[in-house]
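Taking the working numbering, the leading residue of the sequence shown gets 4, the next gets one more, and so forth.
Quick notes on the structure that follows.
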Amino acid sequence: MNILYYIAIILLSGMIFAKIATLIKLPHVTGYLVSGIFIGPYFLELIPGDLVPRLNIISEFALGFIAYNIGSALNIIKIKSIQSGIVKIAIFESFGAVTLVTLSMIFIFNLSFQFSIVLGAIAAATAPAATIMVIRQYNAKGPLVDTLIPVVALDNAIGIILFTIMVSIAKTFTPSGASLHLSLGQEITRSFLNIGMAIAIGCLVGCILTYVVDHIRSLDELLCFIIAIISLSIGTAKTLDISSMLLCMVIGVTVSNLTVSSVKTLAVIEKFTPPVYVLFFVLASLKIDLHVFKQVGYIGIGYILCRIIGKIIGAKLGTKLVNASKEIQTYLGYTLIPQAGVALGLALLAEIKIPEFGGTIRTIIIGSTIVYELIGPVITKIALMKANQISSK
4 MNILYYIAII LLSGMIFAKI ATLIKLPHVT GYLVSGIFIG PYFLELIPGD LVPRLNIISE
64 FALGFIAYNI GSALNIIKIK SIQSGIVKIA IFESFGAVTL VTLSMIFIFN LSFQFSIVLG
124 AIAAATAPAA TIMVIRQYNA KGPLVDTLIP VVALDNAIGI ILFTIMVSIA KTFTPSGASL
184 HLSLGQEITR SFLNIGMAIA IGCLVGCILT YVVDHIRSLD ELLCFIIAII SLSIGTAKTL
244 DISSMLLCMV IGVTVSNLTV SSVKTLAVIE KFTPPVYVLF FVLASLKIDL HVFKQVGYIG
304 IGYILCRIIG KIIGAKLGTK LVNASKEIQT YLGYTLIPQA GVALGLALLA EIKIPEFGGT
364 IRTIIIGSTI VYELIGPVIT KIALMKANQI SSK
């Protein structure tokens, strides 16, 4: 069957399951993920398993836009005006989850060091879409909300950088990485060089995009240019073997901090990306084997619980360190539970970079994402209500 038929099936099934998710008051992303499992090769078999690698370009494209949007939320002036300790809070809550997940995988579940550090790095990421959805739905306002949004953006940035480093370390312990004959020190050095290169190229491309944003009037032309820039950046990252997500995120950071017109780029992107995101999330869960779910079930439960506990403890310590208000200290950690796009993207990259165990990580992250997207928005809403950030009217 022609590949376009399969794309049509993916989009239509994603839309249908998203509607069903909305009816039972669940996020769209939950519907997309369930849709992928339902139509995939291990259930209805509407989509063959060998199609997924042929559509990897769509996933890479979507990740570029997800990363750009994360970077766009990192406006330094806004972050400083909200809370001087935002960076410290984000570091503590991120590393709280990373540390607890990594240690539990090694010492409780007896998993390999390389597997544990990669899964631990992914634990830092939070789903901004699910969190912002709750804030908008209930018109939540207050100091907790003002702190939450930049913290979510920062912890995703931390997650992407940590993941890049941990994958480099993990590769030295795997057969595919050992074939490169690089020592641990050389791999770490290379990962930092790659991070530096991604940041440098991202800043340069961001400056170019800023100039265009400030001088172009046609929104259609702007959209074409943004798509070209993101595509070129992803292609450059693949050619140089650097993180495409980090590069695109830095582009977003640069544009956000150099021009007040950065909001215009986000508005243009929002009109284009919905079908791309549907394809991304459905494709992410297409190859999920329900039998594998059973095999990694206890590890997935451990990951879910340890990440939640790590986020809560880390946020508590970070907010106490910067003397944040009582409601922020008490409830911030509970609002950081949702996890979706960035974590899924990193899991897909793990499967490509470290095939020895990347598929298992992807299965764990997809399963945990479904759980987080079920419970995360509800817990976030309760935390915002307890902190008096939602009007009772």
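For each residue, glycine too, the CB sits at the ideal point set by N, CA and C.
Quantities reported herein were computed from a predicted structural model and do not represent experimental measurements.
Unbroken stretches of the alpha helix (DSSP H), 4 residues or longer, contained in the region 124-209: 131-140, 146-174 and 178-181
Taking contact to mean at least 3 C-beta pairs separated by less than 8 Å, is the region 236-255 in contact with the region 187-200? yes
Indicate the three-state DSSP secondary structure (helix, strand or coil) for Y8 in the structure shown. helix
So the candidates are V216, S247 and T363; which of them puts its Cα closest to the Cα of I204? S247
Residues in the same chain with beta-carbon distance under 7 Å from I233, minus the five sequence neighbours each way, listed in chain order, please. G67, F68, Y71 and C251
For P153, count neighbouring Cβ atoms within 10 angstroms of its own Cβ and tell me buried if that reaches 16, exposed if not. buried
Who are the near neighbours of I434 in its chain, counting only those whose CB is closer than 8 Å to its CB and skipping five residues on each side? This structure leaves residue 434 out entirely; the chain is present only between 4 and 396.
What does the Cβ neighbour count give for R139, buried or exposed, with the cut at 16 atoms within 10 Å? exposed
8 Å Cβ shell around V215 - same chain, five flanking residues per side excluded: L225 and F228
For I291 and T338, what's the separation of their Cα atoms in angstroms? 28 Å
Got a sec? Which residues, its chain only, sit under 7 Å from G303 by beta carbon, not counting five neighbours each side? Same-chain partners within the cutoff: I367, G370 and S371.
Rank L235, G361, I82 and G336 by C-alpha distance to the C-alpha of L347 and give the top, closest one. It is G361 whose Cα lies nearest to the Cα of L347.
Start and end residues, alpha helix (DSSP H) containing G43: Here G43 belongs to no alpha helix (DSSP H), and DSSP marks it neither H nor E.
Let me make sure I understand the geometry here. Which of L293, T102, A21 and S38 has the alpha-carbon closest to that of L165? T102
Work out the CA separation of I89 and S265 for me, nearest whole Å. 22 Å
Taking L187 as the reference, which of I172, A201 and T177 has the closest Cα? I172
Exposure label - N159; buried when at least 16 CB within 10 Å: Under this definition N159 is a buried residue.
So, F283 versus A65, is the Cβ gap smaller than 8 Å? yes
Kindly list the residues whose CB is nearer than 6 Å to the CB of R310, restricted to its own chain and excluding five residues on each side of it in sequence; keep chain order. A100, V104 and A126
How far does the alpha helix (DSSP H) with Y337 in it extend, from its first residue to its last? Where Y337 is concerned, there is no enclosing alpha helix (DSSP H), given that its DSSP letter is neither H nor E.
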